[in-house]
Structures are given as C-alpha cells and as structure tokens.
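The next block holds one structure in the form of structure tokens; read it before the comments.
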C-alpha cells in the first residue's frame, strides 16, 4: 500500500515513545549502581541500564535519519512536555521490590513489542527490533528468576512482591496507552498496535505470576496510569531531566 | 581502583613474634615455595600472619571498589551525552564487579563477604583514602577515571605478581579492565582540556583539588622495618610506596603537562641527576586524619553504604531463608 504522511508520523510517534521509555528506565535502573541489595544485582541492573540506554540511542538515531535532531540533542535538550514516556518508567527506584516488578512488567512488554516489530515493513526498525530481541531475552529471564526467588523466599518477601505488583500494575497498563495513529500503523504493517500488545502481554505474564503464588489485579478493577504518551507526566520526570541534562546544559554545543 | 594497602603491624612487636608459634619446617617449606615463584592456593598451609595480612589487604581493596563506585556513580545520571553516559555506566559497573571478584578471593582465606561488609560499615576496616573526597563536578569524574585508575594500575600490576593465587588471578582481570577505564578517563580529560574555556577551567579546577589526594594515594614512605621485609619476602607487599609514586609521576606528569594543565606543586620536576621526581612532601597529617575517618566525605560514604545494606537486607534474608528454592535463571 501507498504510505502517507500519517504513516510516517505514526512511526515517529512510536519510535519516540519507545526510545523515551528506554532512556528514562535506563536512567532509573542505573541509579541502582552501588546501592543494590547484593553486588550481583548492582551489576545486573547496570547491564540492563546499559542495554536500555543503548537501545534508546539506536532508536533516536533512526529518528535522526528520518529528519529529527541528533540523538544527544533529542535526549538532552527537549522540554518535559515533549517526552512521551509512560508514568511507569518515571517513578523513582523506590525499594528493590518496586524496581523488580517494574522491570518484570516493562521488559515482558518490550520483549513482545520487539517481537512484533521484527516484522515491521521498515527495515531499519525490523533490524534493530531483532537485535534488541536478543538482548531483552536476558532481562526477562532475570526478572522471572528474581520474581520466583522472592515469591518463594519468606513471608515478608512474598508480601512485598504482592504489594509491588499491586502498585506497579496500574502504572504498567499505561505502557499501552494508544497513540494517535494506531490504525495507520496496523493497516500498513508497521506495528500491530497497543491493544494487541497488551493482550499478548497479559497472556504472557499472568501464568508466570500465578505460578509463583501471586496474583495480578483484574484489569477491570484498576485505573491505568495514562497521559505519559501525550506529554502529561508525573512530578518525577522534571527533576530527573534536570539531573540528566545538568552537565550538557552548561554548553549544549560543546563537545563533551 | 585502589591505592596501597595500609599495613598495620605494631612496629614495637619483635619480628619473630609474627611467626613465633608456626611450625619451623612448614614455614621454611612455605617460604621456599614463594621464593621459587610458586603461587599459594587456599588449601595450602600458610602462616597465620600471612593469612591475616592478605585478608586485610584484599578486603581493603574490595571495599575501595564499592566505595569508589559512589563518587563516580553520582555522575552516571548526569553524564553529558549518550557516549559518555554509556561508558561511565560500564566503568562503574566494572568497579562493582571488581569488588565481587575480590570479596570472593578473600573468602577463600576464611572471611565471609557479609563479615567483611559489616566490618566496613562498622568502620572497622579501611578503604582507599581518595574516596573520602567529593567529586564536585563532571571534570572530577574524568580526573578520577584517568588518574586514580592509573594509580590503581601501578599498584595492582605490582600486586598481581604476588604470592597468593586467587588474589593474583583476580588482579589480572581487574588490571585488564582498569586499562580501559584509564583510556576512557584520558579521552574525557582531553576533551575537557581542549574544549571551551568553561570546560578547560573545570578540568583544571578538578585536577588542582585532586592532586593532594593523588599524592597521598600510594601511602606514606615505607618505614624500612623488618615487618615490611617479611611481607615483601612473602610477596604480600610487592613494591614500596615511594617507588610506586615515582612510577606514577614518571608516567603521568608529562601527559598532564602536555595538555597544558598545571599541577599545584611548584617543586614538582624531574631531577636530572637522580632520574627521580622531586616534589613537595604531601601533608601526611591530613592523610592520617582522612584515613581515621575525618575526611570530607567519610561519614557520607559509610552512611550511603549502610543505607544500601539496610534497604537490601530483606532481599538477602529472603534468598537465604531455609524455605527458599534455588531458581535457575533458565527456568
């Protein structure tokens, strides 16, 4: 089919929200460096953070090739309003239980998203999606192993994981907030759409959570945290951006 | 990254008290193996003092790695641009990985990681004094990555030729990684030193502030005591503090000057007659104060570490619970 301006805009919107999620979550994951519950988890969260920041950079690069600004400019000079990340990734790291559940929910969603995008009609997108698919496999493996471990640890860890699920689940549903071009993306074979992704995600995570003796809230009982994709953010994003851009802003045209 | 170990043997103790109750036959065989260049392995017989000094040294080294991750770690979230951000994340991650390797090496001598970390947060064991200084600007993180890691390499390459197998093997890997850190740090300093006036002023300021701690890094001149001789004979201590400081100055002062940066010591120059570097003797009273807990950031560093230990306790308790099931990551 003939691609129109709306298809291209839809792709850009999709890439922006994916990259923004990855950048902000990568930033949050990196905050565990030096502070994890055991050294091995400092190291694991740092590895995942590096993958996410690297993936964000690769997606901004595709946007750059489509005529947007350079990756550093996009990441380090935009206003808060121009970010399209979900509220889930903006939240502070909190306790390890919250960070772990966020990681579980987000990474299963991204693994499925990359799977869907590995058939995208745009080669630049399908190629990176296939590459990311190989990386994220280890992220979901890590999340599953720790969820299982802590759900089976002791009473306290089990209770903590259940309340982290309750806290993170409505935020995680915000990942699937529909964009402005869902139909165009679906009809052109660019991306299967947020609704389809959400359904696949629920099918994937529900048995994993139930198998370890925990429970997901019913989707109909919770209010998804929406707004991030449209530029409405939590109070946590602006301070994060201030910190992230602190040095870059000293001289945005200098070479660092 | 790590400076030299702080050897703590009471100098008034007679030298033979170190090995007073050791079996002389075993001791002679042990010393002969070391003299022949053999590595001592965990299951081998070793004098109690050898074990004690190695535990102290490796433990201090491991602590230095995790405490050292804190001043640099604060710049990960502020690093300017993707390239620097990714590199700094990987660099600090390496440092935490070094701690993990070193705690494991030290555990082979009989002290658990948990005991070591408890001694750290209780202030019973030490770590390198440089990490008690603040990293005030982005340029500080660049100077640390270049020059502190360079100093650490000088020390660690010497120690990797030591006698204790597990420590030497950990150091071989650590040195390989540190050499990347040094390149990263140097590249970072070069960009700042050849950048805008603001960048240049920033890196000069950082270098000026970090010079005294860098001069302290290798520790005070070794007193030529019989104890030091014993530790050198056992290949626990591999090079004198002054020798390492000289090696460092010789390798890095010219590189610093090449970038047009200055160092805050007007006496610093290479003495053509001796071939060694002349410098103003660092203030060892300050060094002693910092080592003993009165540096600018000692309290903060330990407080952060204590907070991390406290926050993570429930996780460790859960995975050590008797009901816990081992989960293979591939499940």
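Chains as they are written, first to last, in my numbering: chain R, 157 to 412; chain S, 20 to 350.
Virtual Cβ for every residue (Gly too), placed ideally from N, Cα, C.
Predicted model, so just to flag it, every value in this text is computed and none were measured.
- Within chain R, the C-beta atoms nearer than 7 Å to that of residue 104/S come from 209, in chain order.
- Pairing residue 111/S with residue 86/S gives a Cβ-Cβ distance that is not under 9 Å.
- By the C-beta density criterion, residue 390/R is buried, having at least 16 other C-beta atoms within 10 angstroms.
- The three-state reading of DSSP puts residue 346/R in coil, since its state is none of H, G, I, E or B.
- Burial is judged here by how many other beta carbons sit within 10 angstroms of a residue's own beta carbon; residue 116/S has at least 16 and is buried.
- Contact with chain R is found for residue 99/S, since one of that chain's Cβ atoms lies less than 9 Å from the residue's Cβ.
- In the DSSP annotation of this structure, the continuous segment of the alpha helix (DSSP H) that includes residue 271/R starts and ends at 252-273.
- By the neighbour-count criterion, in which 16 or more other beta carbons inside 10 Å mark a residue as buried, residue 369/R falls on the exposed side.
- Proximity to residue 358/R across 249/R, 212/R, 344/R and 260/R peaks at 260/R, based on C-alpha coordinates.
- Distance from the CA of residue 256/S to the CA of residue 332/R, rounded to the nearest whole angstrom, comes to 59 Å.
- Sorting 106/S, 103/S and 146/S by C-alpha distance to the C-alpha of residue 118/S places 146/S at the top.
- Each residue's CA atom was taken as its position, placing residue 105/S and residue 320/S some 24 Å apart.
- The Cβ atoms of residue 255/R and residue 325/R lie no closer than 9 Å to each other.
- With a threshold of 9 Å between beta carbons, residue 130/S makes no contact with chain R.
- Within the same chain, 198 come within 8 Å of residue 191/R by CB-CB distance, once the 5 residues on both sides are set aside.
- Excluding the 5 residues flanking it on each side, residue 225/S has same chain C-beta neighbours closer than 8 Å at 155, 156, 158, 159, 161 and 162, in chain order.
- In this structure, residue 128/S places its C-beta atom within 9 Å of the C-beta atom of residue 73/S.
- In the three-state reduction of the DSSP assignment, residue 64/S falls in the coil class.
- At a cut-off of 9 Å between beta-carbon atoms, residue 194/R makes contact with chain S.
- Within chain S, no C-beta atom comes nearer than 9 Å to that of residue 365/R; the closest sits roughly 15 Å away.
- Taking a contact to require three or more Cβ pairs closer than 8 Å, the segment 174-186 of chain R and the segment 214-221 of chain R qualify as touching.
- Residue 262/R counts as buried, since at least 16 other C-beta atoms from the protein chains shown sit within 10 angstroms of its C-beta.
- If you draw a straight line from the Cα of residue 172/S to the Cα of residue 406/R, it comes to about 32 Å.
- Within the segment 152-182 of chain S, those residues whose Cβ lies closer than 7 Å to any Cβ of chain R are, in chain order, 157.
- Assignment of residue 345/S by DSSP, reduced to helix, strand and coil, places it in the coil class.
- Against chain R, a Cβ distance below 7 Å from residue 331/S picks out 192, 193, 194 and 252.
- Nearest C-alpha to residue 366/R among 342/R, 162/R and 321/R: 321/R.
- For residue 410/R, the nearest beta carbon of chain S is closer than 9 Å to its own beta carbon.
- The beta carbons of residue 81/S and residue 135/S sit closer together than 9 Å.
- DSSP places residue 194/R outside both helix and strand once states are collapsed to three, so it counts as coil.
- Setting aside the 5 residues that flank it on each side, residue 180/R is surrounded in the same chain by 239, 241, 245, 246, 393 and 396, each with a C-beta closer than 8 Å to its C-beta; the list follows chain order.
- Look at residue 122/S: its C-beta is under 9 Å from a C-beta on chain R.
- If you ignore the 5 residues before and after residue 290/S, its C-beta comes within less than 6 Å of the C-beta of 297, all in its own chain and listed in chain order.
- For residue 186/R, the enclosing alpha helix (DSSP H) stretches over residues 161-186.
- Among the residues facing chain R, residue 292/S is not included, as its CB has no counterpart in that chain under 9 Å away.
- Interface annotation, residue 233/R: not in contact with chain S, CB-CB separation never under 9 Å.
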